Each structure stands twice: as structure tokens, then as C-alpha cells.
Amino acid sequence: MSRQLTFGLQSLGLGWNDLREDWLAFDAAGWDSLWLPDHLSTPNPAAEPSDFLEAWMALAAMAQLTSHARLGVLVSSNTFRHPSVLAKQAVTVDQISGGRLDLGFGAGWFEREHEEFGLELPPIGERVSRYAEALALLDEFLSNDLTTFEGTYYRLQEAPNRPTPVQSPRMPIMVGAHGPRTMKIAARHADIWNSRGTVEEMAERNKAIDAAAHAAGRDPASIVRSVSYFPARTDERPWTSVEAFTSWVERYRAVGFTDFIFEAPGPDQRDVAERIAREVLPQFRAG
Amino acid sequence: MPREFGMQTIQTWTWSETVERWQWFEALGFESLWLTDHLTRTASPGEPYLEAWTMLSALATVTEKPRLGVLVSSNTFRHPSVLAKQAVTLDHISNGRLELGIGAGWFKPEHDMFGLDFPETKELVARYAEALALLDEFLSNDLTTFDGQFYQLKNAPNRPRPIQQPRIPLMVGAHGPRMINIVSQYADSWNTRGTPAEVRERNDQMDAACVRHGRDPQSVKRSLLYVIAQMPEEQPWASIDAFIDFVGRFSEAGIQEFLLQPPEPEHYAIVEQIATEVIPGLRKDAA
Numbered sequence: 001m002s003r004q005l006t007f008g009l010q011s012l013g014l015g016w017n018d019l020r021e022d023w024l025a026f027d028a029a030g031w032d033s034l035w036l037p038d039h040l041s042t043p044n045p046a047a048e049p050s051d052f053l054e055a056w057m058a059l060a061a062m063a064q065l066t067s068h069a070r071l072g073v074l075v076s077s078n079t080f081r082h083p084s085v086l087a088k089q090a091v092t093v094d095q096i097s098g099g100r101l102d103l104g105f106g107a108g109w110f111e112r113e114h115e116e117f118g119l120e121l122p123p124i125g126e127r128v129s130r131y132a133e134a135l136a137l138l139d140e141f142l143s144n145d146l147t148t149f150e151g152t153y154y155r156l157q158e159a160p161n162r163p164t165p166v167q168s169p170r171m172p173i174m175v176g177a178h179g180p181r182t183m184k185i186a187a188r189h190a191d192i193w194n195s196r197g198t199v200e201e202m203a204e205r206n207k208a209i210d211a212a213a214h215a216a217g218r219d220p221a222s223i224v225r226s227v228s229y230f231p232a233r234t235d236e237r238p239w240t241s242v243e244a245f246t247s248w249v250e251r252y253r254a255v256g257f258t259d260f261i262f263e264a265p266g267p268d269q270r271d272v273a274e275r276i277a278r279e280v281l282p283q284f285r286a287g
Numbered sequence: 001m002p003r004e005f006g007m008q009t010i011q012t013w014t015w016s017e018t019v020e021r022w023q024w025f026e027a028l029g030f031e032s033l034w035l036t037d038h039l040t041r042t043a044s045p046g047e048p049y050l051e052a053w054t055m056l057s058a059l060a061t062v063t064e065k066p067r068l069g070v071l072v073s074s075n076t077f078r079h080p081s082v083l084a085k086q087a088v089t090l091d092h093i094s095n096g097r098l099e100l101g102i103g104a105g106w107f108k109p110e111h112d113m114f115g116l117d118f119p120e121t122k123e124l125v126a127r128y129a130e131a132l133a134l135l136d137e138f139l140s141n142d143l144t145t146f147d148g149q150f151y152q153l154k155n156a157p158n159r160p161r162p163i164q165q166p167r168i169p170l171m172v173g174a175h176g177p178r179m180i181n182i183v184s185q186y187a188d189s190w191n192t193r194g195t196p197a198e199v200r201e202r203n204d205q206m207d208a209a210c211v212r213h214g215r216d217p218q219s220v221k222r223s224l225l226y227v228i229a230q231m232p233e234e235q236p237w238a239s240i241d242a243f244i245d246f247v248g249r250f251s252e253a254g255i256q257e258f259l260l261q262p263p264e265p266e267h268y269a270i271v272e273q274i275a276t277e278v279i280p281g282l283r284k285d286a287a
């Protein structure tokens, strides 16, 4: 359990020029991973739709422009693309980035955008079944040369995984899971499990993942524990100061988390974020 | 209208080969560069193949001038709403250089391999016609409500709008009379391939279809794709004279834009010679 702590940033709703500028700066400052959400429109049911770029296209372009940070979609909605097409996109971005992709993958949830864009959002039972099957498909396809897969929803016949991903046997799969059923699914296939919530909630879920891993016959230590921070979910404000950031990290670290993802700092939080990248992250990494 | 020249390459090439060669094609002055939309190589299924749209997005960051596109994107691979968001995103990344190539889809074996639906012809064409109408409307407007048989949008926000206004040009592939009739309603560029006699006949069909739909036939650019494997009787890369003869005969058949698959890299000397010594003259002398 000696994984070095990692620190990532997620950008939401930026235009292309701002996104490029921000990510080049974050990449140069030493943030470990950079993430985009998978939405076609503002993921807030109460808000008027504002500008939103498509995640995989933006990520592919940033894969060429950045050099160090790992990259991912947090998390790619299974309802938006056939898993075969997603798998080919993922391999392509892994190739472009020289092996820096984490494949974030979730079941899909935001009803309004599915209605707006005419995308099917099946009832929760079927949605999760589809998700479980797609995850098994991705796991198998990306790890093998040819895949034949006989699912209820997805079928492959000797589908070639060529070129293979740069990362071998495949790029890590990150699963976003917050409830018991999806956490069981995560425990079977995830290399990285991501969730968000209060320290208490996250401590409890972390134990649930351990139990689910045991039940699935997996070493719980083989699943990386990743926590996302979003201002809308809590009163905590890690960008207000170096101390607030450090305290936030320490409290989640104490309940078992090693990977921390923050909503990217806004313009008035940049000074603190730069100081954190310069002074705090190296100390955390050194242990 | 001046003649234009572009290159289409296949994704069997690695990422770094593609970057190097696309930058060279740009330096040679080709006006547009294109990928194909397949998940494996059609001429020999099983060969390595990268995904077109993510790759094109990254290629937009390493090129400056040429127009870019997928020739043509298969409507069976992605929901048209997702495709539309991808296209707008790439239009931003490329600063307005995208042409949105879209076709019905045709290569059934890869659909079987990857588990993608390949409807019977009637539905395949009906879905394509509807997707074209959807793309045309969505990309030109801020909010779109669309009530189709296969696709339904409800106030779907086109935000951000594309850089190109009123929308990204649509480049369509169509070869038979029924398809030509459908695409004539939406196409900014129409692409076909075949013998000069076939192309001339289809060109006349396109003229008639435009008139039928109340469009000026000259508002549709006539584009040829030279597919080496499918047009063995044509050898434009054999010599300067052969190239001039090729362009001359297809120009008489009504072609304005020549999109060419390059010869094998060992024959790139002739590509360079034709691009620097011949094409500048051919651009000018088109009436």
C-alpha cells in the first residue's frame, strides 16, 4: 500500500483557448493528472445550458499538446458511445499521449442532456446491467489481441485490438461508483475506483470496496482509491489556502485515499494553486 | 471555381508517421487532409487502425492551414448528436478548418466484428437522411427540436456555436441516384469515385437533384476521391503527364476538388514534384 499520492485537476465548461492555456500551465506546474467531464451540455439541472465542448475530442488534442500529466474523462458515459467505439478512441488517445490515458468510465446519469440530445437513458436496472457488460467488454478487448464477446447488449466477433494500447496489458480503467451495486462492478474490473462525498461517506465506501474486492477474489490493495472534490458537494474549500488544501488531503488520506482530484482552481485561486504545486505536492510525494 | 487538391490517408499508419507525413503534405500546399472512418482496415481486416475523430482532433494541433475532415464519417458508428458535438469541438480546436464528412456506412464486416448495428439498406439510408437533416439544423441553430423517426432532439443546445458560420460545411459521400437525391438537399461538398463516365453521369444527377430541391447546382462543390485499390485503371502518380491527364479527364466530368490517396512512401518523390511543379498551374487554369 505504498502508492505515491497523486493530485489531479478537472476543468469544466471551458472554451478551447482557455482549456489549452490552463492545461499547459497545469502540466508544466507538475499536476499529476488532468480530467474533463463527459457532458454535451451543462451538467446542472437548474442551470441554463452554457458552452460545453465534447470531452474525447478535447482530450485527444490535449494529449498531443501536453507532455507529463496523465489524462482522462471523469467519467465517460456509457450511454453516449458504443463501448467498441470508446475502446478504439481510448487506444488512439493512449497512442497519441504516449501511454498517459486513464480510461474513466461510468454508467451515465444526467437525464436532461439525454432528453435534449435524443440519447437513450435506460431505466436504472438496465443501465447498470449495460454498464457492467460494457466494462467487462472494455477490460477484455483492451487486454487482448482478438476478442469474441457474447453479451446481452454487446457482441464482438474476433474484434481486433490493433494497434494495442501503449500501456500494457492495457490502460488503467477508472470506475466512478458511489452505490453498492456499481461498487461491486467496480471491484471486478477497476484499476482505479473514484467517488466523492464527505470523509465519513468515503471511509465507509472505501471499506465497501475492500469487501467487494474480497468477494470478487481480488486483492483490495490492487484497486487505487481516488476521491474527487467538488465545491457543490461540500462546504470544504481546499483552494482558500495551503493549509485548507493540506488538511483536506490529510483527512481523506487518513481513510485510505491516495489519489485526489480537484475542480481546477478559478482565476482568483491561481496563486494558492501555484504555491501548492510548487511547495506542497513535492512534500506529499516524498511521503 | 479554382481546382483544389487534398490527401486522404489511412489510419494503419502510426501516430508519429501520420504527424510527419501530414505536416509534409501541408508544406507541399495541399488544401485539405482527410482520414477514413473505420475501426479496422477494409482492404485487409485485422490490420492496425486508429480511431478517426480523436486522431483528427490531435492532428488539428500539429497543422495550421489545411482544411480537415473524416472522409466520410459513418453514421452507424456514433449518434448524430454526439457527432455534432465532436464536430463543433474540432471546429474550435482547428480554428474553423473542419469539413464534416458524413456517409451512411457500408462495410458490414467491421460492424459484425465490433458489434455495431448495421441495418438493412432501406433503414440504413433512412437513418442517414434523417441524420443529415439533424446535423444541418442543429449546427445552424442555437437550440434544436427535431422529431424524427430515429432521432429526436428537444431544445438541444448548440453551445458553443461552431467557429464557421452559419455552420461547418457538410461533405457527403454518395454514389447512387437515391443517395445523390438525398444529399443534394444538404451538401456543401459532394464526394464520389469511379470512372470519368460514371462521375459525369452522377454529376448530372446532382445538378438535376439540386434543381429539383430549388438549389443552385453550383453551390455544391464536386469532389473526387482517388481510391487506389478501387480505381486500378487510374495511375495519377505514375508521372507528371499521367497526373495532368487524370485531372483533365475528371475535370471534364465536372470534378473541382481532387482528394487523393498517396502512393507508397517510396514513391513520394513524384508526389513532391507534382505538388510543387504541377498542381500550382492546375489550380490556376481551372476556369
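Protein chains in written order, with the working numbering: chain A, 1 to 287; chain B, 1 to 287. For glycine and all other residues, C-beta sits at the position ideal for the given N, C-alpha and C. Given the structure is predicted, the values throughout are model-derived calculations rather than measurements.
(request) Could you please tell me which residues of the stretch 155–185 of chain B, in chain order, have their CB closer than 8 angstroms to any CB of chain D? (result) Note that chain D does not occur in the displayed structure, where the protein chains are A and B.
(message) In whole angstroms, give me the CA-to-CA distance for M202/A and G266/A.
(response) For M202/A and G266/A, the distance between alpha carbons rounds to 26 angstroms.
(request) Have a look at P169/A and D94/A and give me their C-alpha separation to the nearest angstrom. (result) The straight-line gap from Cα to Cα measures roughly 12 angstroms.
(request) Note down the Cα distance separating F30/B from N203/B, rounded to an integer number of angstroms. (result) Straight-line measurement puts the Cα of N203/B at about 24 angstroms from the Cα of F30/B.
(request) Report the three-state DSSP secondary structure of Q205/B (helix, strand or coil). (result) Here Q205/B sits in helix by DSSP.
(request) Using 10 angstroms around the beta-carbon of V19/B, count the other beta-carbons present and answer buried if the total reaches 16, otherwise exposed. (result) Counting Cβ neighbours within 10 Å, V19/B comes out buried, since at least 16 surround it.
(request) Could you name each continuous beta strand (DSSP E) segment of 3 residues or more that falls completely within the stretch 109–164 of chain B, going from the start of the chain to the end? (result) Listed in chain order, the complete beta strand (DSSP E) runs (minimum 3 residues) inside the stretch 109–164 of chain B are 143–147, 152–157.
(message) So with CB distances below 7 angstroms, who are the chain B contacts of W16/A?
(response) Result: H92, I93.
(request) Starting from I96/A, follow its DSSP beta bridges and name the residues at the other end. (result) Under DSSP, I96/A shares a beta bridge with no residue.
(request) Taking only the alpha-carbon atoms, compute the straight-line gap between A277/A and A29/A and give it to the nearest angstrom. (result) So the alpha carbons of these two residues sit roughly 6 angstroms apart.
(message) Could you pull the DSSP bridge partners for G6/B from this structure?
(response) Partner(s): S32/B, L259/B.
(request) Name, in chain order, the residues that DSSP records as bridge partners for G106/A. (result) Paired residues: S77/A.
(request) Only counting runs of 3 or more residues, tell me where the beta strand (DSSP E) segments fall wholly within the stretch 86–110 of chain B, in order along the chain. (result) The stretch 86–110 of chain B contains these whole beta strand (DSSP E) runs: 98–103.
(message) Under 8 angstroms, with one C-beta from each stretch per pair, do the stretch 114–130 of chain A and the stretch 86–103 of chain B reach the 3-pair mark?
(response) With the cut-off at 8 angstroms, the stretch 114–130 of chain A and the stretch 86–103 of chain B do not touch.
(request) Return the bridge partner residues of N194/A from the DSSP annotation. (result) Beta-bridge analysis with DSSP links N194/A to G176/A, S226/A.
(message) With a threshold of 8 angstroms on Cβ separation, who are the neighbours of G148/B within its own chain once the five nearest residues in sequence on each side are excluded?
(response) Excluding positions up to five away in sequence, the list reads E130, A133, L134.
(request) Have a look at D142/B and R167/B and give me their C-alpha separation to the nearest angstrom. (result) Their Cα atoms are separated by approximately 11 angstroms.
(message) Only counting the same chain, and skipping five residues up and downstream in sequence, which positions put a Cβ closer than 6 angstroms to that of R41/B?
(response) Sequence-distant partners of R41/B (beyond 5 residues in either direction) whose C-beta falls short of 6 angstroms from its own C-beta, in its chain, are T12, E47, Y49.
(request) Enumerate in chain order the residues of its own chain whose CB-to-CB distance from Q4/A is below 6 angstroms, with the five nearest sequence positions on each side excluded. (result) Excluding five sequence positions before and after Q4/A, the CB atoms of its chain that fall closer than 6 angstroms to its own CB belong to R285, given in chain order.
(request) Tell me, please, which residues DSSP counts as bridged to K221/B. (result) Note: K221/B sits in a beta bridge opposite S189/B.
(request) Out of H111/B, E110/B, M113/B, K85/B, state which residue places its alpha-carbon closest to the alpha-carbon of L100/B. (result) Checked all of H111/B, E110/B, M113/B, K85/B; the closest Cα to L100/B is K85/B.
(request) Note the first and the last residue of the continuous beta strand (DSSP E) segment covering R67/B. (result) Taken as a continuous stretch (DSSP letters only), the beta strand (DSSP E) holding R67/B covers 67–70.
(request) Quick one: residues in its chain with C-beta nearer than 7 angstroms to the C-beta of V199/A, no 5 flanking neighbours on either side, listed in chain order? (result) Excluding sequence neighbours, V199/A sits near R251, Y252, V255.
(message) Can you tell me where the alpha helix (DSSP H) holding R155/A begins and where it ends?
(response) Counting along the chain, R155/A sits inside no alpha helix (DSSP H); it lies in the beta strand (DSSP E) bounded by residues 155–160.
(message) Quick check: is any heavy atom of the ligand COA less than 7 angstroms from the C-beta of D94/A?
(response) The ligand COA is not part of the structure shown, which contains no ligands of any sort.
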